[in-house]
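Student: Okay, here's the structure, questions in a sec.
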Amino acid sequence: MKQTTLDSLYINLADAFSSEPPRLDFVLPGYLAGTVGILASPGAAGKTWLALELCCAVASAAANQRLLGLPLEKHGQAVFLSAEDPESSLKSRLHSIAKYLDGDALTELQANLRIASLVGLPTDLHPSRNGNSDPDVEDWSKTLGEQCAGARLIVLDTLSRWHTRDENANAEMAQVIKKAEAIAKVTGASLLFLHHANKGMVMAGRGDEQQSVRGASSLVDNARWQAALVAMSPDDEKKYGLTPKAWRARTSPAVRGNQAKPRRPCGDSLAPQR
Numbered sequence: 001m002k003q004t005t006l007d008s009l010y011i012n013l014a015d016a017f018s019s020e021p022p023r024l025d026f027v028l029p030g031y032l033a034g035t036v037g038i039l040a041s042p043g044a045a046g047k048t049w050l051a052l053e054l055c056c057a058v059a060s061a062a063a064n065q066r067l068l069g070l071p072l073e074k075h076g077q078a079v080f081l082s083a084e085d086p087e088s089s090l091k092s093r094l095h096s097i098a099k100y101l102d103g104d105a106l107t108e109l110q111a112n113l114r115i116a117s118l119v120g121l122p123t124d125l126h127p128s129r130n131g132n133s134d135p136d137v138e139d140w141s142k143t144l145g146e147q148c149a150g151a152r153l154i155v156l157d158t159l160s161r162w163h164t165r166d167e168n169a170n171a172e173m174a175q176v177i178k179k180a181e182a183i184a185k186v187t188g189a190s191l192l193f194l195h196h197a198n199k200g201m202v203m204a205g206r207g208d209e210q211q212s213v214r215g216a217s218s219l220v221d222n223a224r225w226q227a228a229l230v231a232m233s234p235d236d237e238k239k240y241g242l243t244p245k246a247w248r249a250r251t252s253p254a255v256r257g258n259q260a261k262p263r264r265p266c267g268d269s270l271a272p273q274r
């Protein structure tokens, strides 16, 4: 086994002390390029819709202006890979989104947005047999690292479809996050897992808290960015002037962002209120 040479990895302290560091590159607000994040919600809350719109926002300045209006400084390729939804469902969602976009946005998306349904494929980032790597199973961490190079955002839907480990085991989930970090590092992209929220936390009205993510705490502790999508409360509906019968959800600016500025204690809607 090849041994890591630490001497080649040590930070040059003289340079760090004297040189102005490059500006942090945020793909989404508070979400640093080359890191792993999690967007969690209960089932059917709309996280796939939101993730698709986030991909559109990253891939096209014009689409971002029409859809979410996020404060993004850079745009580039976005990749959305669903191991859960069939192609027909993804096409239906894209057709609905396209109704809100103009020609410039659609042209930019065709150039920069990549979407695929991988339903039925063995999408495992960390395949193993009896604790050892399984050479007979495709290592999707390698596949993504090679085929998503240069992307700014990679979305994997959903987390449980991208591994075969025990979701409640800290050590095993930490290894899955490490594999995702390797993809983010080699591609330079932010890698975002869509995941489900803990049912008990959601029922208690705490779905937007840091520990609301289902499974091992190492998922939250090792991810560098986290956001939650929760159903609107009656107070939220009044705040945004929506009728109780309307289907709405809200997302926090970021439940957690390790490289972000301290967040303001307020919610935000899926689409900006104009």
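Per UniProt numbering, the sequence shown starts with residue 1, numbered consecutively. Glycine residues also receive a C-beta, built at the ideal position from the N, C-alpha and C atoms. Given the structure is predicted, the values throughout are model-derived calculations rather than measurements.
Are the CB atoms of Leu-159 and His-195 within a distance shorter than 7 angstroms?
Tutor: Cβ atoms of His-195 and Leu-159: closer than 7 angstroms.
Student: How far does the alpha helix (DSSP H) with Ser-218 in it extend, from its first residue to its last?
Tutor: Looking at the DSSP string, the run of the alpha helix (DSSP H) that includes Ser-218 is 217-222.
Student: Does DSSP classify Tyr-240 as helix, strand or coil?
Tutor: Helix, per DSSP.
Student: Which word fits Thr-35, buried or exposed, when buried means at least 16 other C-beta atoms lie within 10 angstroms of its C-beta?
Tutor: Burial call: buried.
Student: Which residue spans inside the stretch 133-177 form an unbroken beta strand (DSSP E) run of at least 3?
Tutor: You should have 153-157.
Student: Starting from Arg-66, follow its DSSP beta bridges and name the residues at the other end.
Tutor: Arg-66 pairs with nothing; no bridge assigned.
Student: Would you say the stretch 84-102 touches the stretch 51-64, given that touching needs at least three Cβ pairs under 8 angstroms?
Tutor: Because the criterion of three Cβ pairs below 8 angstroms is met, the stretch 84-102 and the stretch 51-64 touch.
Student: Mind checking whether Gln-226 and Ala-151 have CB atoms under 7 angstroms apart?
Tutor: Taking 7 angstroms as the Cβ cut-off, Gln-226 and Ala-151 do not qualify as a contacting pair.
Student: List, from N- to C-terminal side, the alpha helix (DSSP H) runs of 4 residues or more that fit wholly inside the stretch 14-84.
Tutor: List check, alpha helix (DSSP H) in window: 47-59, 61-66.
Student: Run the proximity test for Ala-197: is its beta-carbon closer than 6 angstroms to any non-hydrogen atom belonging to the ligand NAD?
Tutor: With respect to the ligand NAD, the structure shown offers nothing to examine, as it has no ligands at all.
Student: Suppose contacts are defined by Cβ-Cβ distances below 7 angstroms. Is Asp-124 in contact with Thr-164 by that definition?
Tutor: Taking 7 angstroms as the Cβ cut-off, Asp-124 and Thr-164 qualify as a contacting pair.
Student: How far does the beta strand (DSSP E) with Arg-114 in it extend, from its first residue to its last?
Tutor: Taken as a continuous stretch (DSSP letters only), the beta strand (DSSP E) holding Arg-114 covers 113-117.
Student: Kindly indicate which residue of Gln-110, Ser-41, Gly-215 has the alpha-carbon position closest to the one of Ala-231.
Tutor: The shortest C-alpha separation from Ala-231 is found at Ser-41.
Student: Around the Cβ of Ser-141, are there at least 16 other Cβ atoms within 10 angstroms (buried) or fewer (exposed)?
Tutor: Its Cβ being crowded by 16 or more others within 10 Å, Ser-141 is buried.
Student: With contact counted as at least three CB pairs below 8 angstroms, one residue from each stretch, are the stretch 98-113 and the stretch 179-198 in contact?
Tutor: With the cut-off at 8 angstroms, the stretch 98-113 and the stretch 179-198 do not touch.
Student: On the CB-based measure, 16 or more other CB atoms within 10 Å of its CB, does Leu-13 come out buried or exposed?
Tutor: That one is exposed.
Student: Starting from the C-beta of Leu-109, find all residues in its chain whose C-beta is less than 8 angstroms away, skip the five residues before and the five after it, and write them out in chain order.
Tutor: These residues qualify, in order along the chain: Cys-56, Ala-59, Ser-60, Ala-63, Leu-101.
Student: Tell me which residues share the same chain as residue 275 and place their Cβ nearer than 7 angstroms to its Cβ, disregarding the 5 neighbours each side in the sequence.
Tutor: Within the shown structure, residues of the chain are numbered from 1 to 274, placing residue 275 beyond reach of any answer.
Student: Whose CA, out of Leu-32, Leu-9, Asn-168, lies closest to the CA of Leu-192?
Tutor: The shortest C-alpha separation from Leu-192 is found at Leu-32.
Student: Please classify Asn-168: is it buried, with 16 or more other beta-carbons within 10 angstroms of its beta-carbon, or exposed?
Tutor: So Asn-168 ends up on the exposed side.
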